[in-house]
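Report on the following structure.
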Ligand SMILES: C[C@@]1(CC(=O)O)C2=NC(=C\c3[nH]c(c(CCC(=O)O)c3CC(=O)O)Cc3[nH]c(c(CC(=O)O)c3CCC(=O)O)/C=C3\N/C(=C\2)[C@@H](CCC(=O)O)[C@]3(C)CC(=O)O)/[C@H]1CCC(=O)O
Ligand SMILES: NC(=O)c1ccc[n+]([C@@H]2O[C@H](COP(=O)([O-])OP(=O)(O)OC[C@H]3O[C@@H](n4cnc5c(N)ncnc54)[C@H](O)[C@@H]3O)[C@@H](O)[C@H]2O)c1
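Numbering (UniProt numbering), first residue to last: 1 to 201.
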């Protein structure tokens, strides 16, 4: 099912993460960066999460998950290496009005984390609705690389006419090659950034 992308304000919201391994560490970094109140329930923690506990960004409940641990959570992450435990967490979350992310079962997720690149105040998010996380990662890496050089490579492709994005000629911008323009030339002065005549539209 195609996911509905939103941007959540998690500042001060309780997010409960069950499990303290590599996947939990990746998610926790994102939650902390978003200003969430993070509680992690796990008998053991990755060094990266330990550091977050030491700095006071994350509260650690140092034991295995027990039913009732999710009380008050707005977002729940089930990220243990035990599918049964993840299933129990998912089942408890289903009884509450909160979103849940289950690390080993995309189909059980009511929310998924996209791969993200942030440049200044702009965030680009890539999701494949859980089908190809590796692809989401690679596209994120490519975007990151491109944006890290100020978008120069992207702009070069635009100027060589390789990307179907039009800009006003009055602004000295590039135009879509004729072969891509299925509706003729009548709207050649479309505003900056439009791509409505791109192939596939
Ligand atoms: C994008 C990113 C964001 C993030 O997690 O922060 C993300 N996974 C990332 C990395 C990653 N994922 C995997 C590896 C090991 C790779 C390998 O070894 O092959 C690595 C490590 C790596 O690639 O470095 C494998 C994997 N992933 C999922 C499963 C379970 C399944 O498919 O059922 C399995 C198989 C597990 C297994 O078999 O053991 C599931 C999910 N992973 C998602 C997101 C969600 C869907 C995203 C989408 O819509 O595409 C979803 C559904 C749940 C979720 O939201 O977590 C982040 C890249 C961040 C970045 O680099 O920017
Ligand atoms: N979503 C993704 O992107 C992705 C990527 C790779 C793997 N996975 C899946 O995510 C899961 C976790 O992977 P990982 O690499 O973080 O594992 P990991 O082994 O690094 O960490 C597992 C953590 O769960 C904790 N734990 C175990 N039993 C627990 C319990 N009863 N209650 C609370 N905590 C408990 C452990 O102490 C440990 O901290 C695996 O099922 C794996 O298949 C998901």
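Yeah, the Cβ is synthetic: ideal placement off N, Cα and C, and Gly gets one too.
Residue from the options with nearest C-alpha to residue i
i          : options          : result
residue 74 : 138, 37, 130     : 37
residue 57 : 72, 65, 40       : 40
residue 97 : 28, 109, 72      : 72
residue 65 : 128, 49, 28, 42  : 42
residue 7  : 87, 90, 102, 125 : 125
Straight-line Cα distance separating residue j from residue i
i           : j           : result
residue 176 : residue 83  : Its pLDDT being 43, under 50, residue 176 is placed unreliably in this model, and the value from its coordinates should be taken loosely. The straight-line gap from Cα to Cα measures roughly 50 Å.
residue 12  : residue 70  : 16 Å
residue 179 : residue 158 : Caution is warranted here: a pLDDT of 42 is assigned to residue 179, below 50, making its placement in the model unreliable, and the coordinate value is therefore given only provisionally. One C-alpha to the other measures close to 15 Å.
residue 120 : residue 147 : 11 Å
residue 62  : residue 156 : 52 Å
residue 35  : residue 161 : 41 Å
residue 142 : residue 26  : 19 Å
residue 21  : residue 153 : 37 Å
residue 150 : residue 144 : 10 Å
residue 105 : residue 130 : 9 Å
residue 60  : residue 107 : 28 Å
residue 93  : residue 19  : 15 Å
residue 114 : residue 136 : 7 Å
residue 47  : residue 30  : 16 Å
residue 85  : residue 140 : 31 Å
Residues bridged to residue i [DSSP beta-bridge criterion]
i           : result
residue 75  : 15, 99
residue 116 : 125
residue 30  : According to DSSP, which records beta bridges pairwise, residue 30 is partnered with nothing at all.
(request) Could you name the residues whose beta carbon sits closer than 6 Å to any heavy atom belonging to ligand 2, keeping them in chain order? (result) Every residue passing the under-6 Å Cβ criterion appears here: 18, 19, 20, 21, 22, 23, 24, 41, 42, 43, 44, 64, 65, 79, 80, 81, 82, 85, 103, 104, 133.
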